[in-house]
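Residue numbers (our numbering): 29 to 218. Using N, Cα and C, we set each Cβ at its ideal position, and we do this for glycine too. The structure appears below as structure tokens.
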Amino acid sequence: MGFLDAILGRSKPPPADLDVLFAVPQAALSLEVAGFTATGLGSVCFRDAEGQVDDAVITDAQKLIGTDASVKIEVTDDAHGFRWLTVTRAAGDVTGLVTDLHAVNSSLVDAAFGGGLLCSTVVFTTPAGGPCALVYLFKQGTFYPFVPTAGRHRDNPLELQMRGLVDGDVPVESKLDRWLALWGAPGLDV
């Protein structure tokens, strides 16, 4: 942080704690007991401002996690200018999925693109069969549940139920206004 930043009251956010992702398998067990099912799909969302993220960084991340033929990796761009790197593993392999997501995030941070990281998602199905996710916010170091429903609506009561289920397993975002809707995110289409 520079001198002017200090005078003007600007602060640099703390770096994301990527290791907290390794708490997700315990949260998945808590969700499973309540009828939620891990799909094996997860994503890392980041802003690739003006193509700054070198394709080599993404290729390296893909090489790190793509050694198993059963793992599928896909890169897509959304309408808001964000890039999604999606990993698909066998349903229920939350530990492997989290390890893969951590590798992608670490590759981006090591290549000095940590400031562009937005979130990571681990996708589940609800007891009724719809999609939902645990979303990790990099800049906050916290998680929140997202449960989309038809017509671009959210199932807020189910999101609050999920929060209660995982609250002891992962750090949950306490400010509900930070629980952003991730319409069209990989695996969360309704």
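- Taken in chain order, the whole beta strand (DSSP E) runs of length 3 or more contained in the stretch 83 to 125 are 100 to 105, 110 to 116.
- Between the beta-carbon of L125 and that of V115 there is about 6 Å, and that keeps the pair under the 8 Å contact cut.
- Distance from the CA of P176 to the CA of P185, rounded to the nearest whole angstrom, comes to 12 Å.
- Counting the other Cβ atoms within 10 Å of the Cβ of P155 gives fewer than 16, which makes it exposed.
- Under DSSP, G70 shares a beta bridge with V115, V150.
- Contact between A161 and T149 holds: their C-beta atoms lie close to 4 Å from each other, under 8 Å.
- A direct Cα-Cα distance of roughly 11 Å separates D96 from A118.
- Within its own chain, the residues whose Cβ lies closer than 7 Å to the Cβ of A55, once the five positions on either side in sequence are excluded, are L162, V194, D197, V198, listed in chain order.
- In this structure, G215 sits near T67, with a CB-CB distance shorter than 9 Å.
- Within the model, the alpha-carbon separation for Y172 versus L146 is close to 13 Å.
- When DSSP reads this structure, H181 sits in a beta bridge with T177.
- Around the Cβ of L49, a 10 Å sphere holds 16 or more other Cβ atoms; the residue is buried.
- Around the beta carbon of E102, fewer than 16 other beta carbons lie within 10 angstroms, which makes this residue exposed.
- Excluding sequence positions up to five before and after L92, its CB lies within less than 7 Å of the CB of A131, S135, all in the same chain and listed in chain order.
- R180 is positioned such that its CB atom lies closer than 9 Å to that of W211.
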